[in-house]
Amino acid sequence: MLGEPDFLMRALQRNGFANIGTSRASDDGLTLNDAYILSVVRCAPPDNKPLPEEIARCRPHLTAELAALPRLQVVVALGKIGFDGYLAHLAESFSRARVRPRPAFAHGCQVVLPVGPPVLLGAYHPSRQNTNTGKLTPAMLETVFRRARSIIDSAP
Numbered sequence: 015m016l017g018e019p020d021f022l023m024r025a026l027q028r029n030g031f032a033n034i035g036t037s038r039a040s041d042d043g044l045t046l047n048d049a050y051i052l053s054v055v056r057c058a059p060p061d062n063k064p065l066p067e068e069i070a071r072c073r074p075h076l077t078a079e080l081a082a083l084p085r086l087q088v089v090v091a092l093g094k095i096g097f098d099g100y101l102a103h104l105a106e107s108f109s110r111a112r113v114r115p116r117p118a119f120a121h122g123c124q125v126v127l128p129v130g131p132p133v134l135l136g137a138y139h140p141s142r143q144n145t146n147t148g149k150l151t152p153a154m155l156e157t158v159f160r161r162a163r164s165i166i167d168s169a170p
């Protein structure tokens, strides 16, 4: 079975976002194309379950990284924490960005946003818990990134 880093890298590679399907070291030749990986939480909290205040403390990092991506067209949120964290970033950064009704996270969900990149896609996080139990399969993750690629390729 593929390990968690391989799930993500292979999905990225198969949809033209990465030049290799696995990455183990900073000098292994990985190049990302039309993709940038960031996180709403910058540390590994106990039991891998960040508290709301930990997520809020990390939000300035997320905001700064997103500000450096002016051509961003689609966000793929890996997991409910990433999904909710990105929506919280929008609400904090743009007064009119509260999406109502608040979208529910689901694997494969697509939300059209009033500000920022026009589309938010949800995907289960490629954690060992999700990949080892079959909650997330390589095909499921690839489908989400295929949709992201389609959105990017069809943008004006």
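Under my numbering, the first residue of the sequence shown carries the number 15, and numbering increases by one thereafter.
Beta carbons are placed, not taken as given, at the ideal position from N, Cα and C, and that holds for glycine.
Taking the continuous alpha helix (DSSP H) assigned at residue i, which residues delimit it?
i: VAL158; result: 152-168
i: ALA105; result: 93-107
i: PRO74; result: 66-81
How many whole angstroms separate the CB atoms of residue i and residue j, which I take to be in contact at a CB cut-off of 8 Å?
i: LEU46; j: VAL88; result: About 14 Å; that fails the 8 Å criterion.
i: PHE21; j: LEU150; result: 7 Å
i: ARG28; j: GLU106; result: So it is not a contact: roughly 34 Å between Cβ atoms.
i: PHE108; j: VAL129; result: 4 Å
Let's test the definition: count the other Cβ atoms within 10 Å of the Cβ of residue i and tell me whether it reaches 16, buried, or not, exposed.
i: LEU65; result: exposed
i: PHE97; result: buried
i: ARG116; result: exposed
i: LEU104; result: buried
i: MET15; result: The pLDDT assigned to MET15 is 40, lower than 50, so where the model puts this residue is not dependable; a value taken from the coordinates is nonetheless given after this. Result: exposed.
i: GLY148; result: exposed
i: SER37; result: buried
i: VAL55; result: buried
(request) Identify every run of the alpha helix (DSSP H) within the stretch 113-155, keeping only runs that are complete inside it and at least 4 residues long; order them along the chain. (result) 142-147
(message) Can you confirm whether the stretch 138-154 touches the stretch 79-94 when touching is taken to mean that 3 or more C-beta pairs between the two stretches lie within less than 8 Å?
(response) yes
(request) Spell out a yes or no on whether the stretch 46-65 and the stretch 26-36 are touching, meaning 3 or more CB-CB pairs, one atom from each, closer than 8 Å. (result) yes
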